[in-house]
Amino acid sequence: KVRGAKLPHFCRAMAKPLVITTKWSAKASPADAETSLIYVQMMEEINRVLDAAGDRLDRVTGYDKLATDEQFLKDGMHTVEYMQSVKDRTAQAAALAEKTNNPDARIEWKEDSGSTGCTQFTETAARCATAALIDAVRITLATRRPSFVLARPPTHHAIGDAAKARLNTPPNTPWGFCHVAGIATAIVNNTAPTGGRLRAVVLDWDVHPGNGTEDTFWEDGDVLHVNLFQDQIWPNHQGGGHGVAAHVGAGA
455 KVRGAKLPHF
465 CRAMAKPLVI
475 TTKWSAKASP
485 ADAETSLIYV
495 QMMEEINRVL
505 DAAGDRLDRV
515 TGYDKLATDE
525 QFLKDGMHTV
535 EYMQSVKDRT
545 AQAAALAEKT
555 NNPDARIEWK
565 EDSGSTGCTQ
575 FTETAARCAT
585 AALIDAVRIT
595 LATRRPSFVL
605 ARPPTHHAIG
615 DAAKARLNTP
625 PNTPWGFCHV
635 AGIATAIVNN
645 TAPTGGRLRA
655 VVLDWDVHPG
665 NGTEDTFWED
675 GDVLHVNLFQ
685 DQIWPNHQGG
695 GHGVAAHVGA
705 GA
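Numbering (our numbering), first residue to last: 455 to 706.
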């Protein structure tokens, strides 16, 4: 320690990290039954690790707030048409659930490397996950305490505005188990501490590149999206697609 020197804020004693676990994650069911079960088991294991941390974390469990259409539509992150398509799929799944007397009945659509689907609960799970992200960003900006959201379904393959879809991103449809652009929605529904639009860095660390988030902010100079993923894997398995190092957003 240098006498008289002030440590930067990120080196000072910090408040406990905040961890938000959503109520509806286990009901997200965006994948086939076997894959969905694997994700549920993974989240259960993560929860056991978080439980072991004890009072070193501040926990919010059973978070059940839902993001609104207004929040999804903000700054064009989703179109009215896209949000209606989400509701239509929910209605279709609910009708199937009633017909089969199975509340978890699932509709699905094939993709080039698997399938994505939903039950009557998937939209609720996605809205809940997005609301948690919005609140987590707000709390971190206000308090400088780190926040972590444990929620499903994921978000980084979805794009809510068909006009922004690039390369092989399919417009107007969920993709890769992702139903809404939750990360993008969380960013635009928060403001910078000094006022005005929030500038953000999205570090997208996954086995697959986050094509949806990449496309959403491709022309946005206020958001830096960095992809870290396995080379030559879906949806970039044919090369030259999303996440290629030579691709720099038009807003850069």
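For every residue, glycine included, the Cβ atom is placed at its ideal position computed from N, Cα and C.
message = Less than 6 angstroms between C-beta atoms, sequence neighbours within five positions excluded: which residues of the same chain meet that for A583?
response = T476, A605 and G636
message = With the cut-off set at 7 angstroms, would you say A586 and I500 are in Cβ contact?
response = Inclusion of A586 and I500 in the CB contact set at 7 angstroms is not warranted, their separation being larger than that value.
request  = Confirm, please, whether the CB-CB distance from D658 to H701 is below 7 angstroms.
outcome  = no
ask   = Where are the alpha helix (DSSP H) runs, 4 residues long or more, that stay fully inside the region 476-512, in chain order?
value = 487-506
message = Considering Cα atoms alone, identify which of S479, A507, L504 and R502 is closest to V494.
response = S479
key: Buried versus exposed call for G666 [16 or more other C-beta atoms within 10 Å across all chains shown]   = buried
inquiry  = Closest to L527 by C-alpha separation, out of T594, L595 and I613, would be which residue?
reply    = I613
key: Cutoff 8 angstroms; reference T597; Cβ partners in own chain excluding five residues on either side   = A469
ask   = Along the chain, where does the beta strand (DSSP E) that runs through A585 open and close?
value = That residue, A585, is in no beta strand (DSSP E); its alpha helix (DSSP H) goes T576 to T597.
key: N-terminal and C-terminal residue of the beta strand (DSSP E) that A654 is part of   = A654 to W659
Spatial neighbours of M497 in its chain, beta-carbon cut-off 8 angstroms, leaving aside the 5 residues before and after = S479, A480, L604 and R606
request  = Label V677 either buried or exposed according to how many other C-beta atoms from any shown protein chain fall within 10 Å of its C-beta, with 16 as the threshold for buried.
outcome  = buried
query = What's the C-alpha gap between G675 and E552?
reply = The alpha-carbon separation between G675 and E552 amounts to approximately 47 angstroms.
query = How is D526 classed by DSSP in three states: helix, strand or coil?
reply = Contrary to the premise, residue 526 reads as Phe rather than Asp in this sequence. Residue state, collapsed to three classes: helix.
request  = Using the Cα positions of I687 and V534, report the straight-line distance between them to the nearest angstrom.
outcome  = 32 angstroms
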